[in-house]
Amino acid sequence: MTVFPEETRDDVAFVLGTGTFTASGRVVDGDDNPLEGVRVEVPTNAQTTGSQTFTTQTDAEGRYALDVGLSASTELTVRAVSDDLNAEQTVTGFPGEERTGVDLVLGGGSNSGGTATLAGRVTSSEGDALDARVEAQPNAQTVSDQPVTTRTGDDGNYRFDVEITASTDLTVNATRDEREEEKTVTVFPDETREDLDFTLAAPDSGDGDGGGEEESGRPAYIELQSVDGGAGHLPRRVAADALPLREPPAQRRHQRTGRRFAASARAGAHR
Numbered sequence: 463m464t465v466f467p468e469e470t471r472d473d474v475a476f477v478l479g480t481g482t483f484t485a486s487g488r489v490v491d492g493d494d495n496p497l498e499g500v501r502v503e504v505p506t507n508a509q510t511t512g513s514q515t516f517t518t519q520t521d522a523e524g525r526y527a528l529d530v531g532l533s534a535s536t537e538l539t540v541r542a543v544s545d546d547l548n549a550e551q552t553v554t555g556f557p558g559e560e561r562t563g564v565d566l567v568l569g570g571g572s573n574s575g576g577t578a579t580l581a582g583r584v585t586s587s588e589g590d591a592l593d594a595r596v597e598a599q600p601n602a603q604t605v606s607d608q609p610v611t612t613r614t615g616d617d618g619n620y621r622f623d624v625e626i627t628a629s630t631d632l633t634v635n636a637t638r639d640e641r642e643e644e645k646t647v648t649v650f651p652d653e654t655r656e657d658l659d660f661t662l663a664a665p666d667s668g669d670g671d672g673g674g675e676e677e678s679g680r681p682a683y684i685e686l687q688s689v690d691g692g693a694g695h696l697p698r699r700v701a702a703d704a705l706p707l708r709e710p711p712a713q714r715r716h717q718r719t720g721r722r723f724a725a726s727a728r729a730g731a732h733r
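Using our numbering, the final residue of the sequence shown is 733, and nothing's skipped along the way.
Okay, structure coming up:
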């Protein structure tokens, strides 16, 4: 449009039609490392076209570009979602505009503290829920120097928080009676791990190689009673593992024959 000094133009009109707004940027973690395969989305509102959420994914460098159909300028929420983490920015978009630098940061950096939430389920080998103790051991990156402990519910599920000063490898174990399983997981501040499940196998029933053990893991005992009831033969208990091996029948017959022969020889000597 050409204008001149001292001129008034009353015929300047604009027609705002539909168009595409493009948002682009990077998705990184708290240490500025690019995150690949992260879902980036923009929910719909009254000024967006169509009824479906606009989505895309980041590439190997953490970059994305997302087109959003608009019928008019509007405020849009650009959100990155990965597992239980999300980050978002609110921008004003116009039809036909390309907006760069809409960067999103997922999670805290490795040097920032926060809460790591651990959750999962404890079951038997058959898949039955177990009442069990779940414990996270302390280390140099946990705020407390004491274990963090919880118990499962009736459904075998558990959830608890561990305060950490930085990302770290946590040792977590589930125990019930003599059964135990241990896992090591890497956790980050403000992260939630929902998949930390444990399977506790039943203890050895004693039918295998450890034949002297009961199911609880304690040795089986056998009580020996006196045959003639004499005072010098009191009952006593011995562990099954300590019993001597049974002798073959032929060997016992030879020993009994030998004892009878020795007794007869002694009797003849006294006559």
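No residue lacks a Cβ here, since even glycine has one placed at the ideal position from N, Cα and C. Predicted model, so just to flag it, every value in this text is computed and none were measured.
For residue j and residue i, believed in contact at Cβ under 8 Å, the rounded distance
i    : j    : result
P609 : E597 : 5 Å
V502 : V489 : 7 Å
T539 : T552 : 5 Å
L662 : L592 : 6 Å
Same chain only: Cβ atoms within 7 Å of residue i, ignoring 5 sequence neighbours per side
i    : result
P600 : S606, D607, Q608, P609
S533 : T480, Q509, T511
G575 : I626, T627, A628, P651
G670 : For G670, the predicted structure reports a pLDDT of 48, less than 50, and the residue's modelled location is therefore unreliable. A value from the coordinates is still provided. No residues qualify anywhere along the chain.
T612 : V596, Y620, F622
Residues near residue i by beta carbon distance below 6 Å, same chain, minus five either side
i    : result
G582 : L658, D659
A549 : A542, L566, V567, L568
V649 : A578, L632
E559 : F483
R525 : R488
R655 : L580
P496 : V490, E523, G524
Proximity winner among the options, relative to residue i (alpha-carbon distances)
i    : options                : result
R541 : T614, F516, V584, E644 : F516
T518 : D593, P651, A485, E468 : A485
V584 : L547, L497, T614, F483 : T614
T426 : D617, R471, G618, Q603 : Only positions 463 to 733 of the chain appear in this structure, which leaves residue 426 out of reach.
L580 : G563, P496, Y620       : Y620
G589 : V564, D617, T562       : D617
G563 : A527, R595, A594       : A527
Inter-residue Cα distance where the pair is residue i and residue j
i    : j    : result
V500 : G487 : 12 Å
N635 : E523 : 37 Å
D545 : F466 : 60 Å
V504 : E653 : 23 Å
S587 : T637 : 14 Å
F556 : G531 : 10 Å
T464 : D529 : 34 Å
N507 : D623 : 36 Å
D521 : D494 : 15 Å
E794 : R561 : There is simply no residue 794 to check, as the chain begins at 463 and stops at 733 in what is shown.
T630 : S513 : 42 Å
E498 : A594 : 37 Å
G492 : T554 : 25 Å
Residues that residue i bridges to, as DSSP identifies them
i    : result
N548 : V543
D631 : T648
N734 : The requested residue 734 does not occur in the structure, where the chain is confined to residues 463 to 733.
E503 : T517, R541
S586 : L662
T611 : E597
D529 : T484
A581 : R621
G555 : T536
Heavy atom of the ligand ZN within 7 Å of residue i beta-carbon
i    : result
E537 : The model on display carries no ligand, and the ligand ZN is accordingly not part of it.
Sequence-distant residues of the same chain with beta carbon closer than 8 Å to residue i, five excluded per side
i    : result
T633 : A598, Q599, N601, E644, K645, T646
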